[in-house]
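Note sheet for the following structure.
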Amino acid sequence: MQAPKAVISVDYAVGYRFVNFHEPEIPQNTQTVSNWPGHCNSTERSGKVPSKFAYGAENNVDRDSWGFEVSEDMTSCSWTKLVLEADANGLELGQGDLGDDVFHVPGGKQADSVVRDYLRRLHDHIWSQEPLKSIGNLEVEYISTVPASFSRGAQLAMVAAAKDAGFSEGNINLLTESEAVAGYVFERGLLKDIKAGEKVMIVDLGGGTSDVSSYVALRTQNGLQLQQLSAPQSRNIGGTNIDRNFSSLLTDRFDPEFGTLPSNRTGPSSRLMREFARHKRDITDGDRNGEQFRIRLPMGIVGPNPLHYDVDYSEIIISMDDWRAVFNPVLKEILEFIRDMYNAAGGVQYMVFAGGVVNLPWVQEYFRKVLVAEHISVIFSPNPEMAVARGGVWYATENTPLLVECPRHYGVAKPGDNTINWVLHKGQRYVTGHTTQVQLRHIYKATDPKLVSIAVCGYNRPCCPISTDSADPLLIDSLDVEKLGMFLLDLSKLNLAQFWHREDDHGRTEYSIKFTLEIECDVSRSALYIRALRPDGCLIGEEMKLPAKLTFY
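Start counting the sequence shown at 49; every next residue gets the next number (the numbering used here).
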């Protein structure tokens, strides 16, 4: 009897973690983990847990705390997702647009170890929940979502940290946040009014990044059929930039008093930032211009500007102009990014917004006002902060797998030969992530170049090209065969002594190099990926990316 299978989707957002799981054997039953340890009100328990971790050693207590257990007076680690990306690319905190002193990783630790410690607590809590803890012999698939801009190094660091934390019972599959949000849009039926030929842009506004992808509707009857217009793009700007602008405003205004306060009074877990977050959920740019907002923050300021600080109550005073200085530069930069993608797509009729930042009324008002004036239908996802995690479950559990339609025939030439192995065929539909393999052999002689060029070819006619050794095979120089690029097989990465070899008539050693070329359809990046594998399955050198417009169903 086949073991039941559960799918657990984890969205490691910058400020919060969101976890959804699909209960085995029960169709259409996706549950959200909302019962988290620690003290939180009912609003805070709406499916999210803070991505915060406080080490006991830093707080003079005998145990570590995570999520809602982290109190505002603790020194804690936050925004580690962005630090993980910085570490993977050898950046210092504060370089580029990644950071300032709001980031915190304890001395002697790296971001990946903080992520691992947090994930270990998360893993143990997930598996303490019903029905997961009561089902024996359970097969599990984990979906971990990442920004489209996340480097390969950061992705691998995330997977390694998850496995070290206990997420090793099943496969860990990575999904870009753009793909996940697209899945959520399908699940919720948010594009029910779209017509064939119309275009849609999906915008995921997260804490650390903004991800955008564009599609055109090819068919709307008997199931929505979309073609991706461009690979998902991502920018390192999001909700944390709003928080950082607020922190910078206070640093500039109350120098040096604010800058000397400890991080547990000014950082992401502090009472100051919790109060700021509360105001963000209520305020809009349409509020009265003379309205003021106050947050208590004792600083011992002598002779402050009474427009900015109330000495009697130890409160900072935030005006509407201050709010505009905090919000609007971030939203303007995001809008410029959206416009770039809009122009690249040749315009769109719909924009669907998701991600935690979309919950803020100021953000909704800003984008609705600008985009509706340009005759774009704007859709704000219900429960936008849950879109990525729920979309991850949809991708993994949809009964009919998402298919991509191949736009042309693709083939690879045999090394040292003009004949072509045709491996993907025009009009055929393949499951997203589909890989096909070709077994090839190359004869290498000592003193030959160790970079071997292999032609990647395309053929655009509807008829199937011949890929066997029959009478009239299509060759590289045949009519209508297009050479799309050259894949470089790097033999310097191989231990040649492991392959069959002999001496030829001239005394040179001759090696028979058997290898596999693997071609993968990656709809998230609108590309084919071509890589060479050793007989043991290990990668040889670098993979090749070949752009391709892939229609998916």
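Glycine included, C-beta positions come from ideal geometry on N, C-alpha and C. Predicted model, so just to flag it, every value in this text is computed and none were measured.
Item: Methionine 368 (DSSP reduced to helix, strand or coil); Value: helix
Item: Assumed close pair tyrosine 507, aspartate 528 - CB separation to whole angstroms, cut-off 8 Å; Value: 6 Å
Item: Nearest neighbour of isoleucine 588, chosen from Lys562, Asp121 and Leu542 [CA to CA]; Value: Leu542
Item: Unbroken stretches of the beta strand (DSSP E), 3 residues or longer, contained in the region 371 to 438; Value: 398 to 402 and 425 to 428
Item: Short Cβ contact (7 Å threshold) for glycine 231 with glycine 439; Value: yes
Item: Pair within 7 Å by beta-carbon distance, valine 374 and lysine 247; Value: no
Item: Pair within 7 Å by beta-carbon distance, valine 229 and alanine 402; Value: yes
Item: Straight-line Cα distance separating glycine 286 from isoleucine 382; Value: 8 Å
Item: CB contact flag (phenylalanine 385, valine 406, <7 Å); Value: no
Item: Tyrosine 263 (DSSP reduced to helix, strand or coil); Value: strand
Item: Buried versus exposed call for glycine 255 [16 or more other C-beta atoms within 10 Å across all chains shown]; Value: buried
Item: Closest residue to threonine 445 among Val188, Arg582, Ser199 and Met368 (Cα-Cα distance); Value: Val188
Item: DSSP three-state assignment for glycine 142, whether helix, strand or coil; Value: Only weak support is given to the placement of glycine 142: the predicted model assigns it a pLDDT of 47, under 50, and the question is left unresolved by the model.
Item: First and last residue of the uninterrupted beta strand (DSSP E) at lysine 96; Value: 96 to 98
Item: Rounded straight-line distance, which links the Cα of serine 501 to that of isoleucine 524; Value: 13 Å
Item: Simplified DSSP state of valine 504, which is helix, strand or coil; Value: strand
Item: Host alpha helix (DSSP H) of arginine 329 (start-end); Value: Taken as a continuous stretch (DSSP letters only), arginine 329 belongs to no alpha helix (DSSP H), as it is neither H nor E.
Item: Which of helix, strand or coil DSSP assigns to glycine 533; Value: strand
Item: DSSP three-state assignment for alanine 461, whether helix, strand or coil; Value: strand
Item: Residue ranges of each beta strand (DSSP E) within the region 216 to 255, 3 or longer; Value: 219 to 224 and 247 to 253
Item: CA-to-CA distance, arginine 313 to proline 352, given in whole angstroms; Value: 20 Å
Item: CA-to-CA distance, proline 195 to arginine 582, given in whole angstroms; Value: 30 Å
Item: At least 3 beta-carbon pairs within less than 8 Å: the region 488 to 500 vs the region 535 to 553; Value: yes
Item: Member of Ile174, Gln487 and Tyr443 whose CA lies at the smallest distance from the CA of proline 463; Value: Gln487
Item: Counted within 10 angstroms of its Cβ, other Cβ atoms place glutamine 275 as buried (16 or more) or exposed; Value: buried
Item: Neighbourhood of glycine 86 by C-beta distance below 7 Å, restricted to the same chain and skipping five residues each side; Value: Gly115, Phe116 and Glu117
Item: Contact under 7 Å by Cβ, asparagine 469 with valine 460; Value: yes
Item: Strand pairing of cysteine 125, partner residues [DSSP]; Value: Phe101
Item: Check whether valine 641 and leucine 419 have beta carbons under 7 Å apart; Value: As shown, the chain starts at 49 and ends at 601. That puts residue 641 outside it, with no answer to give.
Item: Spatial distance of isoleucine 365 from valine 359 (CA atoms); Value: 11 Å
Item: Status (buried if at least 16 other CB within 10 Å, exposed otherwise) for cysteine 511; Value: exposed
Item: Anticipated Cβ contact below 8 Å, proline 154 with glutamate 106, distance rounded; Value: 6 Å
Item: N-terminal and C-terminal residue of the beta strand (DSSP E) that asparagine 469 is part of; Value: 468 to 472
Item: Proximity to glutamate 339 [Cα-Cα], best of Arg164, Val504, Phe302 and Asp370; Value: Asp370
Item: DSSP state of threonine 308 mapped onto helix, strand, coil; Value: helix
Item: Simplified DSSP state of threonine 557, which is helix, strand or coil; Value: strand
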